[in-house]
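Chains as they are written, first to last, in my numbering: chain A, 1 to 351; chain B, 1001 to 1295.
Note that CB positions come from ideal geometry on N, CA and C, so glycine has one too.
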Amino acid sequence: MADLAIRNLVKRYDKTEVLHGISLDVEDGEFVVFVGPSGCGKSTTLRLIAGLEDATGGEIAIGGRVVNNLEPKDRDIAMVFQNYAIYPHMTVRKNIGFGLRTAKMSKADKDARIDEVAGILGMTDLLARKPSQLSGGQRQRVAIGRAMVRDPAVFLFDEPLSNLDAQLRTQMRLEIKKLHQRVGNTIIFVTHDQVEAMTMADRIVIMRDGHIQQVGTPAEVYHKPANTFVARFIGAPSMNMLSGMVENGALRMASGATLDLGAGLPEGREITIGVRPEDLHPGDGPALVRGPVTVREPLGHETLIYVGAEGQEVIAKADGRTPPNVGEVVTLTAAVDTLHVFDAATGDALR
Amino acid sequence: MYRNLTIRQKQIVWAWAFLAIPILFYSVIRFYPTGNAILISFQDWNLLGDRTWTGFDNYQKLFGDPVFWKVFKNTFVYLLIGTPLSLIISFVIAYHLDQVRFMHGFLRMLYFLPFMTSAVAMAWVWRWFYQPVPVGLFNNALAGIGIPQFPFLQSTTWALPSVLAPAVWAGLGFQVIIFMAGLRAIPRSYYEAARIDGVSWWTVLWEITLPLLKPTIVFIVVFSSIGFLRIFDHVFNMTTNNPGGPLNSTKPLVLMIYETAFSAFDMGYAAAQTVVLFLVLLVVSLIQLRILRDS
Chain A
1 MADLAIRNLV
11 KRYDKTEVLH
21 GISLDVEDGE
31 FVVFVGPSGC
41 GKSTTLRLIA
51 GLEDATGGEI
61 AIGGRVVNNL
71 EPKDRDIAMV
81 FQNYAIYPHM
91 TVRKNIGFGL
101 RTAKMSKADK
111 DARIDEVAGI
121 LGMTDLLARK
131 PSQLSGGQRQ
141 RVAIGRAMVR
151 DPAVFLFDEP
161 LSNLDAQLRT
171 QMRLEIKKLH
181 QRVGNTIIFV
191 THDQVEAMTM
201 ADRIVIMRDG
211 HIQQVGTPAE
221 VYHKPANTFV
231 ARFIGAPSMN
241 MLSGMVENGA
251 LRMASGATLD
261 LGAGLPEGRE
271 ITIGVRPEDL
281 HPGDGPALVR
291 GPVTVREPLG
301 HETLIYVGAE
311 GQEVIAKADG
321 RTPPNVGEVV
331 TLTAAVDTLH
341 VFDAATGDAL
351 R
Chain B
1001 MYRNLTIRQK
1011 QIVWAWAFLA
1021 IPILFYSVIR
1031 FYPTGNAILI
1041 SFQDWNLLGD
1051 RTWTGFDNYQ
1061 KLFGDPVFWK
1071 VFKNTFVYLL
1081 IGTPLSLIIS
1091 FVIAYHLDQV
1101 RFMHGFLRML
1111 YFLPFMTSAV
1121 AMAWVWRWFY
1131 QPVPVGLFNN
1141 ALAGIGIPQF
1151 PFLQSTTWAL
1161 PSVLAPAVWA
1171 GLGFQVIIFM
1181 AGLRAIPRSY
1191 YEAARIDGVS
1201 WWTVLWEITL
1211 PLLKPTIVFI
1221 VVFSSIGFLR
1231 IFDHVFNMTT
1241 NNPGGPLNST
1251 KPLVLMIYET
1261 AFSAFDMGYA
1271 AAQTVVLFLV
1281 LLVVSLIQLR
1291 ILRDS
């Protein structure tokens, strides 16, 4: 068993508390991605799990064993760093083998293990090279190899793709996901890129200011965001936020339109309506927004239009072939079941 | 005419314009005297009279001179003890200072202070340390706990190490700063990765820190070797009554050159010694660069 449990984890630097008692359960073999803006505490959480920093409070358990007071090497984890942390003066073989330094294995067994890992990563031909002779993606693979060679219970990835160019990042993303499906170890992956989170994760943990905002599958966080922060953070372009008011059981938009969202909304409360650009389009339904098109972004199969209304700009999706012209006043509408309703004061989802 | 040049040609014109000044300076101040010294080494000249061509006489005299060989050996003793010793001490200090947060700046300043101090003043203070009872600090301390006098500057065996000690100490500050800069440049994640792999402190030092410090080590070794091969002011000031004494036991090559040139006024002979020193510096630096750069 290699499940991971975090209970009320607190981290404080002097007087500044950066993690405010977070709790999370990760199942054996799960691929969990921590995502959030910089300074949200995701990397700190990872470093606490790794044992590179001491927890101020709370408990971390790996495979049912509390590891708070164990050295990193005794926690049965391996970590891949943002700058790879592969040693420039060692060959690929030595770099990968570095993780086995303390292992009680014979030299032959170690070599066999290195060859096995190199085989999995497709690096057999590169074992004699130095890191300076490798491309960015290959260096990344060496770093992963060094983590893999120890066959840890939990893999920790600290923004490993952010130093790669866009194309390579997409490719490595796929490779890491395939690798996970093949070796099946538990993976904790930290990133600030929501696309990485969405594409790779079994479950996403969205963090902000040292708090967990939501934990869920990519589909859950996308379709049922817990609050306006998650709603805006996940998905690109971001979700549009419109203000409205509940009157007589129906929703009155700032634009004047009235929508019937069914029962269960608190009367007289100010509401924020979230609608994703792909759900918002010019049409004849109830007018959520009405205003002139300010910018068009043709993407081929569709066109994103920016519409100015009531002092803000919303993004909507229009047809790729016959989009409205810039300056044309359009009425934007969306199906009622695609709307997200948040409490304007707290930002929490109401339904 | 300048207008019609390509951008590349304009860059070259400007590069030469700026390079002209140092080139002129080096030609007049460095290369001309160097060439002249090599020329004088084949001549006999007392600084005032005529220069007479004597061929290899100066070199023959030099290689037959027992004082030269003594001095040659002394110079290498300064080099072979001074360089490794200062390298090790400065690394140990830098390595630990790097991990200290408490009064870090103050401690670093303390180590750097000797480097900024005048070598003459320092030599005289150390000379005072080394004096016999009741003047010298060290011998007073020894006498205080009942240990016999130690002949620091009087012994032909111990005078050289006694002169070397303040020279090593004087250079430490600079080397510590350079080492600390080198240590700081090693990414933290290298150490964190090693910590997760659970390797020992010793492995981290030998297989991560030191190999990654290699450029720093090369620089310090070459730099301090040149310094020890050219040692002069510490020796001269600590042994002024009898420069390089007792019995030439502390005399380095530069001091011999100085005496030959400005006490004996035998410029040709001094120039020959200078040429030998130049070749020694060149060969030692080249060998070090060769060995340490990429092995």
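Per the C-alpha coordinates, the member of B:L1164, B:Y1269 and B:S1200 positioned closest to B:R1230 is B:L1164. Boundaries of the beta strand (DSSP E) around A:S243: N240 to E247.
In the DSSP assignment, the residues bridged to A:Y13 are A:T16. Residue environment analysis places B:Y1002 among the exposed positions, since fewer than 16 neighbouring C-beta atoms fall within 10 angstroms of its C-beta. Distance between B:G1105 and B:I1093, taken at the CA atoms: about 14 Å. Under the Cβ distance rule, A:L52 counts among the residues neighbouring chain B, one pair being separated by less than 8 Å. At least one CB atom of chain A sits nearer than 8 Å to the CB of B:L1212.
Under the Cβ distance rule, A:Y87 counts among the residues neighbouring chain B, one pair being separated by less than 8 Å. The C-beta of A:I77 comes closer than 8 Å to at least one C-beta of chain B. If the five residues before and after B:F1223 are omitted, its C-beta is found closer than 6 Å to no C-beta atom of its own chain. Going by beta carbons, A:I96 and A:R146 fall inside the 8 Å limit. Taking C-beta separations shorter than 6 Å and ignoring five residues to either side along the sequence, the partners of B:R1051 in its chain run Q1043 and W1045, following chain order. With contacts defined as CB atoms closer than 8 Å, A:I86 and A:V142 qualify as a contacting pair. If you draw a straight line from the Cα of B:V1013 to the Cα of B:I1007, it comes to about 10 Å. Taking a cut-off of 8 Å on C-beta distances, the segment 162 to 176 of chain A does not touch the segment 14 to 29 of chain A, as fewer than three cross pairs fall below it. Within the segment 203 to 242 of chain A, the beta strand (DSSP E) runs of at least 3 residues that lie entirely inside it are, in chain order, 203 to 208 and 211 to 216. Within chain B, the residues placing a beta-carbon under 7 Å from that of A:N83 are P1187 and S1189, ordered along the chain. Under DSSP, the beta-bridge partners assigned to A:T303 are A:P298 and A:A318. Proximity of the segment 1240 to 1259 of chain B to the segment 1153 to 1171 of chain B meets the contact definition, three or more beta-carbon pairs being nearer than 8 Å.
Within 9 Å of the CB of A:P72, the CB atoms of chain B belong to E1192, R1195, I1196, D1197 and G1198, in sequence order along the chain. Between the alpha carbons of A:S255 and A:E220 lies a distance of about 29 Å. Using a Cβ-Cβ cut-off of 8 Å, A:R321 does not count as an interface residue toward chain B, since no Cβ of chain B sits closer than that to its own. Contact check between the segment 31 to 47 of chain A and the segment 193 to 205 of chain A: three or more CB pairs, one atom from each, fall below 8 Å, which counts as touching. An exposed status is given to B:I1021, since fewer than 16 other beta-carbon atoms sit within 10 Å of its beta-carbon. Taking 8 Å as the threshold, the shortest C-beta distance from B:T1203 to chain A falls below it.
For A:F189, the enclosing beta strand (DSSP E) has its first and last residue at T186 to T191. Chain B has a Cβ within less than 8 Å of the Cβ of A:R101. Cβ atoms of A:P292 and A:V329 come within 8 Å of each other, at about 5 Å. Taking all protein chains shown into account, A:G235 has 16 or more neighbouring C-beta atoms within 10 Å of its C-beta and is therefore buried.
Taken through DSSP and simplified to helix, strand or coil, A:T258 comes out as strand. For B:I1217, no chain A residue has a Cβ inside 9 Å of its Cβ, as the nearest lies near 13 Å away.
Classified as buried, B:W1126 has 16 or more neighbouring CB atoms from the shown chains inside 10 Å of its CB. For B:M1103, there is no enclosing beta strand (DSSP E), as DSSP marks it with neither H nor E.
According to the DSSP secondary-structure assignment, B:T1240 is paired through a beta bridge with no residue.
Residues of chain A whose Cβ lies closer than 7 Å to the Cβ of B:I1208 are, in chain order, Y87.
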